[in-house]
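Counting from 0, one number per residue, gives the positions in the first sequence under numbering that gives the first Met the number 0. Glycine residues also receive a C-beta, built at the ideal position from the N, C-alpha and C atoms. Notes to accompany the following structure.
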Amino acid sequence: MSMKAPRGTMDILPENTAKWQYVEKQIKEICDAYYYHEIRTPIFEHTEVFQRGVGDSTDIVQKEMYTFEDRGGRSLTLRPEGTAAVARAFVENKLYGSPNLPEKLYYFGSMFRYERPQKGRMRQLNQFGVEAMGSEDPAIDAEVIDLAMQIYRRLGLKSLKLVINSLGDKESRKAHRDALVAHFDPYREELCSDCQSRLDKNPLRVLDCKKDRDHPAMKTAPSILDYLNEKSQAYFEQVKAYLDAMEISYTVDPNLVRGLDYYNHTAFEIMSEADGFGAITTLAGGGRYDGLITEFGGPDTPGIGFGMGLERLLMALQVENIDIPVDTKLDCFVAGFGSEKVRTETVKLVHQLRSAGIQTDTDYQHRKMKGQLKAADRLKAKFVIFLGDDELDKQLVTIKKMGTGDQKEVSVDHIVSEIKELLLEES
RNA sequence: GCGGUCGUGGCGAAGUGGUUAACGCACCGGAUUGUGGCUCCGGCACACGUGGGUUCGAUCCCCACCGGUCGCCCCA
């Protein structure tokens, strides 16, 4: 048996971590502009957090959680999504008492879902997410959507589609739910087995079933939009008006339901329309969850947020051929060759350069001088410092500028300042 | 959980029921006694996913499993 990373997980190697870091940096800058602050919650929680937060009837809870018992017999679960945990933290730390509501939070982190991996789907996935808790202003809904779109736009993505919908408030949802059951019940036997149980547990989900998509009853199904009460209607209109004001284009899809139980009012999803993106197109999804905080024992507090898949974001960048600027040049390579005395001197010199803040590397493979030059070339070294027995005798080193091949001798005492100066000229 | 497809050195990629399993890239060395990127030459390489079966013999044929990948369900 060979040791391999578990199915659905992956190593992100140095050649790629630079891309991740770039993307994360861009996102953080945007969060800073929108004045959201980072929260870090545990990577696992008591299982109930997700059962109650996400909802018992959801796919996530029913078949996708990594749940285990710890040595103390507690049932714990690797977080499958971010919102429930942030809501738990919000209540536990009594952030609802903050004078600065809404509490505007963002997070980065790994989420875990036991699913069959495919393009754009991993068992350990990385998400960025945002939660704004404590405000029921349509403007914050629009802000959160804007923030998500801003990220994609800043990174240069073009083929995007924003879909929004309103699920209404409790009253609207109940009216719609009753209407749905009444509508589909006569056809119960004709629907797929999933939908038959959905009809009882969560009739809303019947609407986004792909198997029964073509069933005649689907087309005539009551739309949530027709059941929004006045307040819900007005709220949705206002959100759209704010999006219009920001010139963010969107499509209203009455069938956009979102899989999690906690959503109400605004729901949205951002998808990629780029060719070659694979079967899964959702880049980010989110919505309003006004009952979630009370579910965790907090005061009645509204909230809205979204989760964004970072693997999918990276994939979208690749599919749209967007280059990520990565600086791979090495400032300085020390090529030491000769006696053991030189080796010691090389170690010392490399240390000095690094201590002075100069990015420096050297050879550890016992390469010949020519091999060291090749290595320096591979590393895209700007300068190579030669240190051999001759140099040691004369207390000099030779500095070579790789771009031009120019070189000059410098006294060992002045190497650091000399290199610093040369690097300054380079940039 | 179900289905398609794939599984040969670090990477890419030929190939065969039977003596040392091509080749390319990469890497190391030499041509150039202490100087990279080009060229030529040489070298290195823990490779046929795992376990069974058929066979005198299997990397090749059969089966199972494992893994990758793509898709279904659903989602980030």
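Simplified DSSP state of residue i, which is helix, strand or coil
i      : result
SER410 : strand
THR293 : helix
CYS30  : helix
ILE418 : helix
PHE336 : coil
PHE276 : coil
HIS45  : strand
LEU161 : strand
CYS191 : coil
VAL325 : coil
THR300 : coil
THR343 : helix
Test item: CB-CB of residue i and residue j under 9 Å
i      : j      : result
ALA174 : TYR226 : yes
THR397 : PHE385 : yes
ASP326 : LYS381 : no
MET9   : MET110 : no
SER56  : PRO101 : no
LEU156 : THR265 : no
HIS504 : LEU104 : Given that the chain is displayed from residue 0 to residue 426, the structure contains no residue 504 and the question cannot be resolved.
ILE144 : PHE305 : yes
ARG78  : GLU23  : no
VAL162 : LEU146 : no
Neighbour-count burial assignment, residue i, 16 or more Cβ in a 10 Å radius
i      : result
ALA240 : exposed
VAL333 : buried
VAL346 : exposed
THR16  : exposed
PHE67  : exposed
TYR34  : exposed
ASP362 : buried
ASN263 : buried
GLY71  : exposed
VAL383 : buried
GLY297 : buried
MET0   : The predicted model places MET0 with a pLDDT of 43, which falls under 50 and marks its position as unreliable; any figure quoted below should be read in that light. Exposed is the call here.
Residue span of the alpha helix (DSSP H) that contains residue i, given as start and end
i      : result
ASP58  : 58-62
ILE150 : 137-154
LEU309 : 309-318
LEU179 : 169-183
SER231 : 229-244
Extent of the continuous beta strand (DSSP E) run through residue i
i      : result
ASN125 : 123-132
THR403 : THR403 -> no beta strand (DSSP E), and no H or E assigned at all.
ARG287 : 281-287
ASP360 : 359-361
GLY108 : 102-111
LEU77  : 74-77
LYS381 : 380-386
Residue i: CB within 8 Å of a non-hydrogen atom of the ligand ATP
i      : result
CYS331 : No copy of the ligand ATP appears in this structure; indeed no ligand is present at all.
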